[in-house]
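A short worksheet on the structure shown next.
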Amino acid sequence: MRSTITKKDIKPGVCITDYYGEIGTIKADLGFGFTVQWHEDGTEITYNWERDSEGIKHLSVISEPVAHSCSHMDDFSFPQVDVITQQIAQLQTQLAKYQDCQTNANQLKEQVASQAQLMLELGVKQQVITDWANRLYFLVTGTNVGEMTTNSVELAAKLMLAEQENKSLQYQLSNASAEVEALKQERDELLKERDEAFIKSGQLLISQGELKQERDRLLNSIQELEAQFKSEPKFVIGDACGNPEGERVQTQKGEGVVTTFVYGNPVVKLLNGEFQFNASELTKIESENEIQFKEGDQVRIIKGKHKDKFATIKEIGEQISCWVNDEFYFHFTPGELELVTPNPELEPQRKAEEFISKLNKKTTWHQIKEVCQGDVEVWREICVFARTKTQKALIESVPQLLANYIEETGDRSDLEWIGDTLKAKVEALLVPKEEVA
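Position in the sequence shown counted from 1, then plus 10, gives you our numbering.
In structure tokens form, the structure reads like this:
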């Protein structure tokens, strides 16, 4: 949403826009007002806060990238404007010929009448004037008056045809003039539409910039809320902490499953329906599987034919499914397993090996980031474990994946831990785009 410029916004170099989308830069803060240089024609205008308050209401601040985009956008050009302009020019040329002919004929008529009157006033004989008129007739028709054999009826018919032709020409002239005016109006409408489209496109670019800023602000707010959520203690049911949705709990009416929350109170689904309880009225029913183990834990088998072997938990259900020595898939009860504290020195290798085994073409930088958790050693181990063609192709594409992630989120924090080699490749991809922007 655009907001009117205020005195706190007045700083040299700040980009602003007016109601029509024209871009300008504030040159100076004068106290009583400020000076703006408008980009389109380079003019500088001084605005007074009191005198120009109505005009200032339509000024608003925009970001420099948006101003740059608007200033360098080409004008709209409609091919129809050029075609109609050419048609108008051709019709105007034809119209000019008819108008010149008509004007000259009328002037000649007036000159002949004036000259005949002057001859009479000077005492020139009527026969001399008649001979002069006959010679003029010969110049116009190519025949002498004495040679004419046409009777009065034929002359009347020719006169009628001439009048009809004259009316037809007048009608064509009128239509041509009307067509010229219609084409002019159509051209003016197209020019108006072009100007309106240009203004709307400028406003659209400004709105896009404002929406991007709002999106970035909301993303930052979401990240802050996520960080706050992770740092805050979770909802408490009885003596157990965690996210209780989907958990089995004991109520005064029997066992049930937490489905949702209403005003902070858990709603529990029982056999005879769903009921709302206070958290203090519930006790979480914990299974041995949930208490002791989670997926990805390293364990030692303490009972059965695989006793003293080490395994990795892959899935927890009615039984615990494990890879034994990374070769065989077996199922165990909680009593047959013992949690093994991982060796910090071997943890990067374990994470890398587990990640590379699940890798595919759709892997994103966000997934790599979640695995590495800011530990460059995990990333190095991932590179070491990449052996197949697909795995090596992913490693080669990581600089571009990280560059895309930075452009989309604006988060450059990963450059601090990824190591100098990868960092240099990513920065080389970012620099050209930042220079273009």
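Positions of the beta carbon are idealized from the N, C-alpha and C atoms, including for glycine.
Span separating the alpha-carbon of residue i from that of residue j
i, j, result
"residue 174", "residue 53", "60 angstroms"
"residue 294", "residue 438", "54 angstroms"
"residue 29", "residue 37", "20 angstroms"
"residue 292", "residue 307", "29 angstroms"
"residue 431", "residue 260", "56 angstroms"
"residue 149", "residue 93", "43 angstroms"
"residue 418", "residue 310", "44 angstroms"
"residue 435", "residue 410", "9 angstroms"
"residue 201", "residue 95", "11 angstroms"
"residue 218", "residue 377", "30 angstroms"
"residue 107", "residue 189", "17 angstroms"
"residue 14", "residue 220", "14 angstroms"
"residue 66", "residue 47", "14 angstroms"
Identity of the residues DSSP links to residue i by a beta bridge
i, result
"residue 322", "308, 333"
"residue 276", "271"
"residue 178", "Paired residues: none, contrary to the question."
"residue 407", "Answer is none; residue 407 lacks a bridge partner."
"residue 347", "311"
"residue 340", "332"
"residue 26", "34, 71"
"residue 48", "34"
"residue 134", "DSSP, once it has assigned bridges, lists no residue as partnering residue 134."
"residue 14", "70"
Residue i burial status per 10 Å Cβ neighbour count (16 or more: buried)
i, result
"residue 197", "buried"
"residue 342", "buried"
"residue 379", "buried"
"residue 89", "exposed"
"residue 391", "buried"
"residue 365", "buried"
"residue 257", "buried"
"residue 249", "Unreliable placement is indicated for residue 249, whose pLDDT of 42 sits below 50; the coordinate value is still reported in the next sentence. So residue 249 ends up on the exposed side."
"residue 70", "buried"
"residue 315", "exposed"
"residue 362", "buried"
"residue 22", "exposed"
"residue 321", "buried"
"residue 42", "exposed"
"residue 412", "buried"
"residue 181", "exposed"
"residue 169", "exposed"
"residue 448", "The chain is shown from 11 up to 447; residue 448 falls before or after that span and cannot be answered."
Within 9 angstroms, strictly: CB atoms of residue i and residue j
i, j, result
"residue 283", "residue 27", "no"
"residue 267", "residue 286", "no"
"residue 323", "residue 340", "no"
"residue 186", "residue 104", "yes"
"residue 208", "residue 31", "yes"
"residue 334", "residue 317", "no"
"residue 389", "residue 420", "no"
Residue i: CB within 8 angstroms of a non-hydrogen atom of the ligand SAH
i, result
"residue 383", "The ligand content of the structure shown is nil, which means the ligand SAH is not present either."
Cβ of residue i within 9 angstroms of any chain D Cβ
i, result
"residue 397", "The question asks about chain D, but that chain is absent: this structure has only one protein chain."
contact_flag[the region 134-152, the region 214-230] where n(CB pairs < 8 angstroms) is 3 or more: Because the criterion of three Cβ pairs below 8 angstroms is not met, the region 134-152 and the region 214-230 do not touch.
task: Could you tell me whether the region 17-24 touches the region 180-193, where touching means 3 or more Cβ pairs closer than 8 angstroms?
output: no
- prompt: Quick one: any contact between the region 421-428 and the region 400-407, if contact means 3 or more CB pairs under 8 angstroms?
  reply: No contact exists between the region 421-428 and the region 400-407.
- request: Please determine if the region 344-351 and the region 366-376 are in contact, where contact requires at least 3 C-beta pairs separated by less than 8 angstroms.
  value: no
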